[in-house]
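My numbering numbers the first residue of the sequence shown as 123 and each following residue consecutively. Structure first, then comments.
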Amino acid sequence: MGDFSVNLENLISDLRRIVGDKWVVTQREFMEGYLRDETPDPVRPRAAEGLILVKPSSAEDVAGILKLANANKVPVFPVGGRTGLVGGSVPIKPGIILSLERMNKIEVDRENIMAVAEAGATLGDLIKAADEAGLFFPPHPGDEGAQIGGLIATNAGGSRAVKYGVMRNYIRGLEIVLPTGEILSLGGKLLKNNTGYDLMQLAIGCEGTLCVITKAVIRLFPKSKVMVTLVVPFNTRSDALKTVPEILRSGVMPLAIEYVQIREIEEAAKHLNERWPVQRGFAQLIMILDGASQEEMLLRCEEISEICESNSAMDIMLAETAEEQSRILRIRSNIYTALKPHMIDILDVTVPPSNLEKLMNEVDVIAAKYDVYLPAYGHAGDGNLHVHIMKEGVTDMRMADRIKSEIYKAAVALGGVITGEHGVGSLRIKDLGLVLSEKHIEIMESIKRIFDPNNILNPNKVLP
Ligand SMILES: Cc1cc2nc3c(=O)[nH]c(=O)nc-3n(C[C@H](O)[C@H](O)[C@H](O)COP(=O)(O)OP(=O)(O)OC[C@H]3O[C@@H](n4cnc5c(N)ncnc54)[C@H](O)[C@@H]3O)c2cc1C
123 MGDFSVNLEN LISDLRRIVG DKWVVTQREF MEGYLRDETP DPVRPRAAEG LILVKPSSAE
183 DVAGILKLAN ANKVPVFPVG GRTGLVGGSV PIKPGIILSL ERMNKIEVDR ENIMAVAEAG
243 ATLGDLIKAA DEAGLFFPPH PGDEGAQIGG LIATNAGGSR AVKYGVMRNY IRGLEIVLPT
303 GEILSLGGKL LKNNTGYDLM QLAIGCEGTL CVITKAVIRL FPKSKVMVTL VVPFNTRSDA
363 LKTVPEILRS GVMPLAIEYV QIREIEEAAK HLNERWPVQR GFAQLIMILD GASQEEMLLR
423 CEEISEICES NSAMDIMLAE TAEEQSRILR IRSNIYTALK PHMIDILDVT VPPSNLEKLM
483 NEVDVIAAKY DVYLPAYGHA GDGNLHVHIM KEGVTDMRMA DRIKSEIYKA AVALGGVITG
543 EHGVGSLRIK DLGLVLSEKH IEIMESIKRI FDPNNILNPN KVLP
């Protein structure tokens with residue numbers, strides 16, 4: 123096992139000394155779940171042989187592991203909940219898989235309306251802890267098994283980002299461990315901080331290539347007194363999408379504005395043995411609204427309904443109970459899971475929101491050209507579109523690659539980027555040049571060398 127130069131027995135016994143015997147796993151059958159993420163099988167990178175799974179319990183443990191790995195030039199792969207969609211956490215070289223799952227404490231500070239969460243706590247844990255303290259953590263990037271460290275390392279977005287933003291907007295402080303083993307504390311329970319270059323912002327979205335995130339100070343919000351979910355059906359995509367900027371301009375800012383099409387949302391419902399509550403229309407908008415009182419909510423719903431109806435919306439469904447609303451969100455979050463067995467890749471191209479319809483029209487042209495099914499849906503309020511390249515009609519991986527390239531080029535031509543939330547990971551490296559200049563990539567490489575001089579941390583991810 124292992125092809126690094128260090129004596130393997132010594133490495134394993136040093137790791138055991140740091141975290142305890144029980145938390146160093148060397149048998150492959152006990153690390154299977156750590157060898158892959160949620161990336162569709164046809165494009166997911168394969169895990170290497172020669173891996174050791176290590177589960178630290180503190181930042182000091184993480185520092186000890188990284189110091190040891192750095193001294194011996196052993197690759198380290200930080201993993202979270204393994205829900206990523208670009209192969210970011212897959213250990214593609216012999217080395218150490220670093221799971222922070224034992225570091226899962228969350229403390230809510232009601233005075234400052236913030237939580238201090240260890241990196242191994244899950245999104246589900248954070249939503250629950252905030253709720254129990256009478257507070258609210260708005261973002262919902264799909265899979266509640268994602269961990270705080272992974273959510274921050276990918277700067278996750280999700281469906282409730284329209285009103286309050288993506289992960290970056292919530293992070294006020296971080297504890298990180300550098301690949302060389304030093305522990306850094308960045309920011310804090312602060313709403314303003316202009317002290318020097320903001321290294322915290324570099325750590326957010328670094329996809330485990332610059333540091334290991336061990337703890338975070340996360341901003342929370344007061345719990346909304348009233349929340350409703352609207353499902354608005356339209357006969358055409360154009361009607362649905364031209365409604366979105368009008369809503370955004372109206373001053374009523376929904377937490378989420380999701381665009382779905384009836385075929386895929388029904389498939390997701392079927393996958394969960396549920397029934398999608400709105401059977402009308404080709405295209406639908408799902409909107410989540412919050413407010414301070416029933417009266418305020420009623421006014422907001424009326425205003426939104428008027429805008430939708432002026433764009434030919436059909437009967438609008440209003441979900442008021444918490445159960446019905448979470449059922450709708452659960453079905454929406456499972457479109458990916460339902461389609462995954464038939465899928466080659468999931469793209470998350472992002473354009474200025476007003477160009478979303480043009481992008482979807484381009485995707486239609488590409489689908490017709492190759493005679494393939496390219497289901498597309500997404501976070502319409504953010505201009506973030508998930509296009510799935512399905513197996514149906516795609517004869518080989520070269521054809522899948524050509525389809526992907528054409529979608530990327532269409533997005534970039536519309537002022538967009540190749541990824542709005544999933545990140546680069548392993549999968550998007552070769553397309554970075556479509557968006558970033560050579561100089562930009564050169565600066566990223568220099569930053570990587572400063573943080574990680576021996577290139578031990580999540581090597582061959584993000585950067586070419
Ligand atoms: C059904 C489904 C729906 C989804 N919907 C959305 C969505 O709407 N929006 C969205 O943004 N994403 C979505 N995702 C993607 C996914 O949930 C996110 O990418 C998530 O943020 C990854 O968190 P994780 O803990 O699973 O990280 P992992 O997948 O384990 O790792 C992701 C990356 O983070 C790094 N990492 C993990 N932990 C740490 C750490 N402690 N320190 C440093 N680096 C670390 C890894 O090395 C890797 O590069 C969805 C996924 C699924 C399966």
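Each residue gets a CB set at the ideal place from its N, CA and C atoms; glycine is no exception. These figures come from a predicted structure and were not determined experimentally.
Review point. By Cβ distance, which residues of its chain are closer than 8 Å to I453, with the 5 residues on each side in sequence left out?
Key: I387, A390, A391, L394, E396, W398
Review point. Which partner residues of F356 appear in the DSSP bridge assignment?
Key: DSSP links F356 through a beta bridge to A405.
Exercise for review: Using the DSSP secondary-structure output, state which residues sit across from M439 in a beta bridge.
Suggested key: V353
**Study point:** Those runs of the beta strand (DSSP E) which lie wholly inside the stretch 193–245 and span at least 3 residues
**Key:** 198–201, 217–221, 228–231, 236–240
Review point. What number of angstroms, rounded off, separates the C-alpha of L558 from the C-alpha of I468?
Key: One C-alpha to the other measures close to 21 Å.
Practice item. Quick one: grab the DSSP three-state call for I270. Key: helix
**Study point:** Delimiting residues of the beta strand (DSSP E) encompassing I378
**Key:** In the sequence as displayed, the identity of residue 378 is Ala instead of Ile. It spans 378–383 - the beta strand (DSSP E) in which A378 sits, taken as one unbroken run.
Review point. So, are the CB atoms of D253 and K345 less than 9 Å apart?
Key: yes
**Study point:** T276 Cβ short of 8 Å to ligand 1 heavy atom set
**Key:** yes
**Study point:** the stretch 349–361 / the stretch 266–278 touching (three or more Cβ pairs under 8 Å)
**Key:** Under the three-pair Cβ rule at 8 Å, the stretch 349–361 does not count as touching the stretch 266–278.
Review point. Taking Cβ positions, are K480 and L536 nearer each other than 9 Å?
Key: yes
**Study point:** C-alpha gap between R402 and I219, whole angstroms
**Key:** 47 Å
Review point. If you draw a straight line from the alpha carbon of P197 to that of L585, how long is it in whole angstroms?
Key: 15 Å
Review point. Would you call the stretch 187–196 and the stretch 286–306 touching, i.e. three or more CB-CB distances under 8 Å?
Key: yes
**Study point:** Three-state secondary structure (DSSP) of E560
**Key:** helix
Review point. Ordered along the chain, which non-local residues of its own chain (more than five positions away) have a Cβ less than 6 Å from that of I551?
Key: So the qualifying residues of the chain are P586.
Review point. Just how far apart, CA to CA, sit A532 and F258?
Key: 37 Å
Point to revise | Where N576 falls: helix, strand or coil (DSSP) | key: Per DSSP, reduced to three states, the secondary structure at N576 is coil, with no helix or strand assignment.
Review point. In this structure, does DSSP put P263 in helix, strand or coil?
Key: Of the three classes helix, strand and coil, the one that applies to P263 here is coil, per DSSP.
Check your understanding: Taking buried to mean at least 16 other C-beta atoms within 10 Å of its own C-beta, is T365 buried or exposed?
Key -> buried
Review point. Any heavy atom of ligand 1 closer than 8 Å to the Cβ of I335?
Key: yes
Exercise for review: Below 7 Å CB to CB, which residues in the same chain sit around I578 once its five sequence neighbours on both sides are set aside?
Suggested key: A191, N192, K195, V196, P197, V198, P301
Exercise for review: Could you pull the start and end residues of the beta strand (DSSP E) that N506 belongs to?
Suggested key: 506–512
Review point. Looking only at C-alpha atoms, which of R168, D574, I572, E528 sits nearest to L556?
Key: E528
**Study point:** Presumed contact (8 Å Cβ cut-off) between V334 and M236, rounded CB distance
**Key:** At roughly 22 Å, the Cβ-Cβ gap does not stay under 8 Å, so V334 and M236 are not in contact.
Review point. If we ignore side chains and look at the alpha-carbon of each, how far apart do E171 and E154 end up?
Key: So the alpha carbons of these two residues sit roughly 12 Å apart.
Check your understanding: Under three-state DSSP, which class holds S307?
Key -> strand
Check your understanding: Which residues bound the alpha helix (DSSP H) around M375?
Key -> Where M375 is concerned, there is no enclosing alpha helix (DSSP H), given that its DSSP letter is neither H nor E.
Review point. Taking the continuous beta strand (DSSP E) assigned at I540, which residues delimit it?
Key: Where I540 is concerned, there is no enclosing beta strand (DSSP E), given that its DSSP letter is neither H nor E.
Check your understanding: Out of curiosity, what's the CA-to-CA distance linking G500 and I379?
Key -> 9 Å
Check your understanding: Can you find a heavy atom of ligand 1 that lies under 8 Å from the Cβ of D163?
Key -> With a cutoff of 8 Å, D163 does not count as near ligand 1, since its C-beta is closer than that to no heavy atom of the ligand.
Point to revise | Residue burial classification, M123 (beta-carbon count within 10 angstroms, cutoff 16) | key: In this predicted model, M123 has a pLDDT of only 47, less than 50, meaning its place in the structure is not dependable; the value taken from the coordinates is given anyway. Label assigned to M123: exposed.
Exercise for review: Answer yes or no: do A405 and L363 have a C-beta to C-beta separation smaller than 9 Å?
Suggested key: yes
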